[in-house]
Structure formats: structure tokens, C-alpha cells
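I have placed the structure first, in the form of C-alpha cells, so that the comments after it can refer back to it.
Numbering (this note's numbering), first residue to last: 37 to 312.
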């Protein structure tokens, strides 16, 4: 038996069926949304039918979002619904029993999108709990809370950090497209040219599966100016004094990390929620 007895359960918003199990057990429960409130609200409107897809107009107006949204401002599952239909269905199903939950946690910050947070809160109890990054990089209350405890790839910390330690403050461009985004061959070559020709050092994360897209001899040719690694400890890199700029795919976690650590970003969104 568990002691003390649980009273509520927080579950991944992409597993809405868990709420039915929770209710049957007589407990309170609610989803944890890992994406922004703006993105969540767009999916909510599509689920409710107030935003129909495919979208036949170039500009979209939604409650609590002041600006008109262009088609390419929307999550790609909405702007191109036929491309990833199963992923779109999963995104929409987050709201299949949304209003039956006792509460909802969102990994965001009120001041980033207060109008949309307030609008979502009018539908059900919403609590913003972001940025959900380790305490060491925020309030420093938990000194042993230094990472997420999970990584899809092994970070090359022993290479990245000593290299950054030898560089001046704000002298390094850090570039990473995250764990899933994949640049086309031409985009990869253009990124390589930009990093090679810029007047800053660079640290570029290129996953092992993407390395064959690098220009011939790029690593050797630029070895005095930059390093290319398969993965890195991103929080530690962003917090490093040497990093002055982050070229990012705009994944929500990466965005919150950069905002929290005060690192300027060059936005290069690829798919999913990133364009929004």
C-alpha cells in the first residue's frame, strides 16, 4: 500500500485516457501540457470545430491572440493536416476530456502569453508551472537538480565545456536543431557556410544521423574556429558565459531554456509547434 494515500494524479496530456482511470479510482487528476498555451489553444479550437481544417484563408484570427496568424505561423499539423494525420489526431485528442479534469498544468510563463493563459483558464482551472527546467539554472533552491534525468543521446560534455572555457565572454554562436528536426541537404550546407563565415566561434550540434550532410572536410577546415559534436549538455552550454547567441529550431523546451538564461536567439523553426 502507498503511504500517504495519493489524492491526485498529474498525467501527460497526450494520454487523455488516464483521466478516465483516475476518475474511476475516485482521485482528482489533470493533464500536464508541455507545449505553449498559444499552441494548445490552436489545437483546442480545431478540436472544437471553431477553426476548421484544411484552412482556406491566408490569415486566421483567434480569441485572445492579438495578431492575425498567417498559415505558416500555425503548427504544421494544422497548416498541413494531411502530412501527419496521426500526429494531428494525437494533438487534438489532448482535449477529448479536457473540461472534465480538475486542473491543468502548462509548461509556460504567464508573462509570455498572459492573454491566452487567461482565455484557457476561462475554460477550466489552468496553472502555469514553467519554465520546467532544473532548479540549478533558475532559483538554485535544489542544488542537486542539475539536469532532466533523461537524454536521448550521450552529451559530449568533456569536449564542449573545456572548449567553451577557453573562449571569451559572448564570443560563441551555439547552433542546434534539437533531437528530431532534420535539415535538408541545401539547408545544412547554408548553415555550414554561415557559421564558417561569421566573425564568431561556433559550437554546432549535428546528430550522428545528420553528419553525412556536412560539406566535405568541413570539420577539418573549421577546426580552429568551431567544433561539431553529436550532442551536448544544452543547459550547461546556454548558461556558459562564452555563449552569446543560440541558433535554434524553436522547440518549446529550447525556447524556454534560452529565455530563462537570457541568451539571444536566431529562430529557425522546422515543424510541429515550432513555427508558432
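Just so you know, even glycine gets a beta-carbon here, dropped at the ideal spot from N, CA and C.
Identify which residue in the options has its Cα closest to the Cα of residue i.
{"i": "residue 236", "options": "151, 281, 109", "result": "281"}
{"i": "residue 216", "options": "274, 310, 250, 273", "result": "310"}
{"i": "residue 172", "options": "102, 181, 203", "result": "181"}
{"i": "residue 150", "options": "60, 46, 72", "result": "72"}
{"i": "residue 47", "options": "153, 59, 40", "result": "59"}
{"i": "residue 147", "options": "275, 252, 163, 133", "result": "163"}
{"i": "residue 102", "options": "194, 74, 83", "result": "74"}
{"i": "residue 287", "options": "144, 299, 272, 305", "result": "305"}
{"i": "residue 159", "options": "174, 277, 84, 207", "result": "84"}
{"i": "residue 127", "options": "93, 144, 77, 145", "result": "77"}
{"i": "residue 279", "options": "123, 174, 64, 203", "result": "203"}
{"i": "residue 70", "options": "130, 56, 114, 307", "result": "130"}
{"i": "residue 347", "options": "177, 219, 271", "result": "Any property of residue 347 remains undetermined from this structure, which presents the chain solely from 37 to 312."}
{"i": "residue 186", "options": "80, 56, 269", "result": "269"}
Would you decide whether residue i is buried or exposed? Buried here means 16 or more other CB atoms lie within 10 Å of its CB.
{"i": "residue 167", "result": "buried"}
{"i": "residue 213", "result": "buried"}
{"i": "residue 165", "result": "exposed"}
{"i": "residue 119", "result": "exposed"}
{"i": "residue 303", "result": "exposed"}
Short of 6 Å in beta carbon distance, which residues of its chain neighbour residue i, apart from the five on each side in sequence? Order them along the chain.
{"i": "residue 97", "result": "104"}
{"i": "residue 100", "result": "151, 152, 155"}
{"i": "residue 54", "result": "47"}
{"i": "residue 115", "result": "107"}
Is the CB-CB distance between residue i and residue j below 9 Å?
{"i": "residue 199", "j": "residue 239", "result": "yes"}
{"i": "residue 62", "j": "residue 138", "result": "no"}
{"i": "residue 284", "j": "residue 275", "result": "no"}
{"i": "residue 134", "j": "residue 68", "result": "no"}
{"i": "residue 189", "j": "residue 228", "result": "no"}
{"i": "residue 291", "j": "residue 109", "result": "no"}
{"i": "residue 273", "j": "residue 169", "result": "no"}
{"i": "residue 195", "j": "residue 265", "result": "yes"}
{"i": "residue 113", "j": "residue 124", "result": "yes"}
Looking only at its chain, what residues have a beta carbon closer than 7 Å to the beta carbon of residue i, apart from the 5 residues adjacent to it on each side?
{"i": "residue 90", "result": "117"}
{"i": "residue 231", "result": "209, 211, 238, 240, 262"}
{"i": "residue 64", "result": "43, 44, 138"}
{"i": "residue 50", "result": "126, 130"}
{"i": "residue 178", "result": "171"}
request  = Return the chain-ordered ranges of every beta strand (DSSP E) run that is complete within the stretch 105-153 and spans a minimum of 3 residues.
outcome  = 140-142
Minimum length 3: unbroken beta strand (DSSP E) runs contained in the stretch 151-222 = 162-164, 208-212
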